[in-house]
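A.B. asks:
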Amino acid sequence: MPTMPAAVSAATGVSPPAAANVVVVEDIYGFLRVLSDGTILRSPEQPVFCPATFPSSHPSVQWKEEVYDKANNLRVRMYKPLSTAAGGGGEAGKKLPVLVHFHGGGFCLGSCTWANVHAYCLRLAAEAGAVVLSAGYRLAPEHRLPTAVDDGVGFLRWLRAQSTMDAAAAADGWLTEAADFGRVFVTGDSAGGNIAHHLAVRAGLSDTKRGEVDLDLDLRPVTVRGYVLLMPFFGGVRRTPSEAECPAEVLLNLDLFDRFWRLSLPAGGTRDHPAANPFGPDSPELGSVDFRAPVLVVVGGLDMMRDRAVDYAERLAAMGKPVELVEFAGKPHGFYLHEPGSEATGELIGLVSRFLHSCACDRGAVA
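In UniProt numbering, the protein residues as written are 1 to 367.
1) Buried or exposed, going by whether 16 or more other CB atoms sit within 10 Å of the CB of M305?
2) Distance, Cα to Cα, Y312 vs P278?
3) I'd like the list of long-range same chain contacts for V149, defined as Cβ closer than 6 Å, with 5 residues on each side in sequence excluded.
4) By DSSP, does D307 sit in helix, in strand, or in coil?
5) Would you say L74 and G173 are within 8 Å of each other, going by their C-beta atoms?
6) R220 to R160, Cα distance in whole Å?
7) From H273 to L265, what distance separates their C-alpha atoms?
8) When you compare only the Cα positions, how much space is there between A329 and N21?
9) Shortest alpha-carbon distance to S60 belongs to which of G30, I28, A130 and G204?
10) Look at V76 and C112 and say whether their C-beta atoms are less than 8 Å apart.
11) Going by DSSP in three states, F355 sits in which element: helix, strand or coil?
12) Measuring CB to CB, does F102 end up less than 8 Å from G192?
13) I need the boundaries of the beta strand (DSSP E) containing P81, first residue and last residue.
14) I need the DSSP call for V224, collapsed to helix, strand or coil.
15) Take A167 and list the residues in its own chain whose beta-carbon comes closer than 8 Å to its own, dropping the five residues that flank it on each side.
16) Quick check for students: name the residue ranges of the alpha helix (DSSP H) that lie wholly in the region 261-347, counting only runs of 4 or more.
17) Thinking A140 and C108 are a contact (beta carbons under 8 Å), I'd like their distance in whole angstroms, please.
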């Protein structure tokens, strides 16, 4: 795991408390502060792990940004290879699989516009041979869970609307001319991986259960053919060995993740809340959930959350669910975002590409 840089808490652009009797009750390295009077202060700066040196363009990828939810000003950055033959996407002119991506940040930080997320998605589109849709969602503590998951559902509904428009109406044809809406995949990094899990569960719940969460995930003609969980952000009251052994001096440490949960879970919720713990006492019984599409779970050997992700995949496998677990030994949480140009990131994208193009051939999967 990366060690916390000394500059991370310095001069982030957040104004100090307005009154002497107002104190900071939660502070995430100066980027997000919650005051005792309920005021929430956010820094306009990007973190130190988003340097300006990260590439903002790619010679074989086009990208553009849209607002997909005007009421909440939620944005999506869309990426597509210049040639559909790029990265194994097939012959020129052939439509590409669609990869919906949700960023990480403990549900409290992050954006599809951050330089590291942008650089990763550029490379992902180019080398995976896919249309990548990097979708934003509302953040906590202003919008506590399950808002982020609800926004994920909202984005899939937006995608369904795009798929039913003609090329002229749907974002001037930019998306529809390249996207194969019958081959859609949902992925997410960290908190985004948590979102991907919950979308898979919601899609697989019975009609009765769906009614309880007021959810209609009939996305036709969009068909979700797989889910990719990159180092998913799961929690639990009981500590795992990888959590308990995490050094306090690293940037992504146990105290930070506990703060994320305090700020993002519903008031009074513990880390066993269904939004955090897939196997908590009040969580859906996953054995009865119809996982209609395969799930790829990626873990890092040095990730504090490694044990939870491994346990998640192993439990699903024991239930007979279509799940694959891949571990990147010696890699920390989110290495593909800290080093989007690295060889290891290339290996990860190759893994994702193989998953996409193998599952895309399975026309038996349904949304």
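Each residue gets a CB set at the ideal place from its N, CA and C atoms; glycine is no exception.
Please read these numbers as outputs of a predicted model, since none were measured by experiment.
C.D. replies: Quick look at the numbers:
1) By the neighbour-count rule (16 or more Cβ atoms within 10 Å), M305 is buried.
2) 8 Å
3) I195 and H198
4) helix
5) no
6) Roughly 7 Å separates the two Cα atoms.
7) When rounded, the distance between both Cα atoms is 8 Å.
8) 48 Å
9) A130
10) yes
11) helix
12) yes
13) L74 to P81
14) strand
15) Per-residue confidence for A167 stands at a pLDDT of 49, beneath the threshold of 50, marking its modelled position as unreliable; no derived number is given.
16) 306-318 and 335-338
17) By a beta-carbon distance limit of 8 Å, A140 contacts C108. Their separation comes to about 5 Å.
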